[in-house]
Amino acid sequence: MLTVRKWVRGGLTAASAVVLAAAMTLGATGTAHASATGSSPIGTFDYDVRGMGVRVPVGCFLTHTIKGSGKRLTSEFAGVDCAGLAATFVRFCNWRIDFSYADTDNKSYRTSRGSTHPECKGDPLRRARPQTLPTYGKACAKFFVNGKLRAVQCHYITR
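As numbered in mature numbering (1 follows the signal peptide of the UniProt record, and there is no 0), residues -34 to -1, 1 to 125 make up the sequence shown, in order.
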């Protein structure tokens, strides 16, 4: 059985191949179906959990994936992956992932705030419902720990 983390990592390679193949076969005509996956590093930081100090070292990333066509998003999810020693020891407590959307003028028009999860987890993950965006622009995933923004990863959605 694959874990979500292995699925996301395997999906990165598969998604890249699908996007490349679609770009080569579609050319300039036809309806483009697109997906995008990107990762942003989560810098090292310290925070308190029930009076105990927790240090998050380098080696963790916020990964955000969207799938769809045009303004129609059929799938969107974001999660945290860690590598090396961070994968073994890091747990995030009091975390949440928000999805936010902005138009082409970078004016935010919607934020889907995720639930704050008090439990400690090494691989936080959140999925969004399928939706049609009212305008082109960008979709972002934002990762918070103890109420503080720790990483952002965005995709531009254009014609």
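Just so you know, even glycine gets a beta-carbon here, dropped at the ideal spot from N, CA and C. On a predicted model such as this, the values are computed, not experimentally measured, just so you know.
Tell me whether residue i is buried or exposed, calling it buried when 16 or more other Cβ atoms sit within 10 Å of its Cβ.
i           : result
residue 111 : buried
residue 39  : buried
residue 109 : buried
residue 3   : buried
residue 1   : buried
residue 70  : exposed
residue 101 : exposed
residue 65  : buried
residue 54  : exposed
residue 95  : exposed
residue 31  : buried
residue -9  : Note on residue -9: pLDDT 33, under 50, position unreliable in the model; the coordinate value appears next. Counting Cβ neighbours within 10 Å, residue -9 comes out exposed, since fewer than 16 surround it.
residue 106 : buried
Between residue i and residue j, which are expected to be in contact by the criterion C-beta below 8 Å, what is the C-beta distance as a whole number of angstroms?
i           : j           : result
residue 123 : residue 37  : 7 Å
residue 103 : residue 56  : Contact flag wrong, Cβ pair sits at about 32 Å.
residue 6   : residue 118 : 6 Å
residue 67  : residue 99  : 6 Å
residue 8   : residue 116 : 5 Å
Quick one: what's residue i bridged to in DSSP?
i           : result
residue 3   : 31
residue 91  : 45
residue 13  : 20
residue 124 : According to DSSP, which records beta bridges pairwise, residue 124 is partnered with nothing at all.
residue 98  : 38
residue 103 : 69 and 123
At least 3 beta-carbon pairs within less than 8 Å: the region 20 to 31 vs the region 40 to 52: yes
Segment contact flag, the region 60 to 68 with the region 77 to 91, C-beta cutoff 8 Å, min 3 pairs: yes
Given 8 Å, three or more beta-carbon pairs between the region 67 to 76 and the region 2 to 22: no
Runs of beta strand (DSSP E) lying entirely within the region 16 to 89, each at least 3 residues, in chain order: Here the runs fully enclosed are 18 to 22, 26 to 35, 38 to 48, 61 to 69 and 74 to 78.
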